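Residue numbers (my numbering): 13 to 291.
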């Protein structure tokens, strides 16, 4: 039987288009307005994912959206995730709009430099909410759907700061230690459900949050947000549990494992001197 001539009716074309649309996966990225989150948004967009981007600043979100491909599969949900209401709003609007989250990227975070006892308690509470409580809340909610579908991926952006104490940014380092431990534990719990969890642990990265310290650091220890995002995306798709971008960061953490904790604390204190003066 010869191949003949193919005739694509409108119904067939519509069916093929619908099938392709259904096959697309949807990714929710927090902190998508700048830094690693923005870089990840570009990577997912290039790879034909539906995007839901969230951050506090709607104007910055719109700026990122305009820089991506021009179609209707990119959405923004402004929310201040440093408070409980913001996390609830993001969940509610995602559900109300009928979005199915196949990949969750918990990227939004903040730093605090200086002595813990000098910080206002409201600043401490906001960091804990943004860096710990919000990722936990979002993961708990969207994980249920992933388990029901038997598939899903979660990318939690942590930091190499989470592997050791760092005086003068102790709260941030502690929050990232939580993210790493949480990610590793959760990865084991959900692996039988077809779900992977990846903790991305970059070193110093050129982002708006670190601009004030970059001038005091040698360039070879600083990565671009694009470089970190590429490594994170690769690790997520490869279903790796821990991703540490950069040879220097991997070598440093290997060395740290064999040193006494007292020495690591002293080194952490030295590193902290490069931070901004909080006073």
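Backbone N, C-alpha and C fix where the C-beta goes; we use that ideal spot for every residue, glycine too.
Please read all numbers here as calculations on a predicted model, not as lab measurements.
Can the beta-carbon of residue 240 be found closer than 8 Å to that of residue 214?
Mapped onto the chain shown, residue 240 falls at position 228. Mapped onto the chain shown, residue 214 falls at position 202. Result yes, Cβ atoms of residue 240 and residue 214 sit closer than 8 Å.
Go to residue 118, then tell me how far its beta strand (DSSP E) extends in each direction, as first and last residue.
One-based indexing of the chain shown puts residue 118 at position 106. Where residue 118 is concerned, the enclosing beta strand (DSSP E) starts and stops at 115 to 118.
Beta-bridge pairing of residue 63 - partner residues as DSSP gives them
For the purposes of this step, residue 63 is taken as residue 51 along the chain shown, with counting starting at 1. In DSSP, residue 63 forms a bridge with 39, 86.
DSSP state of residue 171 mapped onto helix, strand, coil:
The residue you call residue 171 lines up with position 159 of the chain shown. In this structure, residue 171 counts as coil in the three-state DSSP scheme.
Residue 316 burial status per 10 Å Cβ neighbour count (16 or more: buried)
Because the chain is modelled from 13 through 291, residue 316 falls outside the range shown and cannot be assessed.
Would you kindly work out how many angstroms separate the C-alpha atoms of residue 34 and residue 114, rounded to a whole number?
By one-based count along the chain shown, residue 34 stands at place 22. By one-based count along the chain shown, residue 114 stands at place 102. Interpretation of residue 34 is limited by its pLDDT of 45, a score under 50 that renders its predicted location unreliable; no figure is taken from the coordinates.
Which same chain residues, not among the five before or five after residue 187, have their C-beta less than 6 Å away from its C-beta?
As a position in the chain shown, residue 187 is number 175, starting the count at 1. Taken in chain order, the residues that qualify are 143, 144.
For residue 165 and residue 109, what's the separation of their Cα atoms in angstroms?
The residue you call residue 165 lines up with position 153 of the chain shown. The residue you call residue 109 lines up with position 97 of the chain shown. Rounded to the nearest angstrom, the two C-alpha atoms are 21 Å apart.
So, using beta-carbon positions, are residue 116 and residue 149 closer together than 8 Å?
The sequence position of residue 116 within the chain shown is 104, counting from 1. The sequence position of residue 149 within the chain shown is 137, counting from 1. Their beta carbons are not under 8 Å apart, which means residue 116 does not touch residue 149 by this criterion.
Alpha carbon to alpha carbon, how far is residue 44 from residue 248? Give it in angstroms, no decimals.
On the chain shown, residue 248 is found 236 positions in, with the first residue counted as 1. On the chain shown, residue 44 is found 32 positions in, with the first residue counted as 1. Roughly 17 Å between the two C-alpha positions.
Determine the extent of the alpha helix (DSSP H) in which residue 210 is found, giving its start and end residues.
On the chain shown, residue 210 is found 198 positions in, with the first residue counted as 1. No alpha helix (DSSP H) holds residue 210; the beta strand (DSSP E) holding it covers 207 to 212.
Does the Cβ of residue 134 have 16 or more other Cβ atoms within 10 Å, making it buried, or fewer, making it exposed?
Residue 134 sits at position 122 when you count from the first residue of the chain shown. Exposed: under 16 other Cβ atoms inside 10 Å.
If you measure between the beta carbons of residue 254 and residue 262, is that distance less than 8 Å?
If you number the chain shown from 1, residue 254 lands on position 242. If you number the chain shown from 1, residue 262 lands on position 250. With a cutoff of 8 Å on beta-carbon distance, residue 254 and residue 262 are scored as not near each other.
What's the call for residue 243, buried or exposed, on a 16-neighbour Cβ count within 10 Å?
Position 231 of the chain shown holds residue 243. Buried is the call here.
Grouping DSSP H, G and I as helix and E and B as strand, with all else coil, what is residue 164?
Here residue 164 refers to the residue found at position 152 of the chain shown. Note: residue 164 maps to strand in three-state DSSP.
Do you know offhand how far residue 64's Cα is from residue 210's?
Counting from one through the chain shown, the residue named residue 64 turns up at place 52. Counting from one through the chain shown, the residue named residue 210 turns up at place 198. C-alpha separation (whole angstroms): 19 Å.
For residue 193, count neighbouring Cβ atoms within 10 angstroms of its own Cβ and tell me buried if that reaches 16, exposed if not.
Translated into the one-based positions of the chain shown, residue 193 becomes position 181. Exposed, since its Cβ has fewer than 16 Cβ neighbours within 10 Å.
To the nearest angstrom, how far is the alpha carbon of residue 121 from that of residue 50?
Looking up residue 121 in the chain shown gives position 109. Looking up residue 50 in the chain shown gives position 38. Residue 121 and residue 50 have their alpha carbons spaced roughly 13 Å apart.
Hey, how far is the Cα of residue 275 from the Cα of residue 184?
Counted from its first residue, the chain shown places residue 275 at position 263. Counted from its first residue, the chain shown places residue 184 at position 172. Their backbone Cα atoms lie some 20 Å apart in a straight line.
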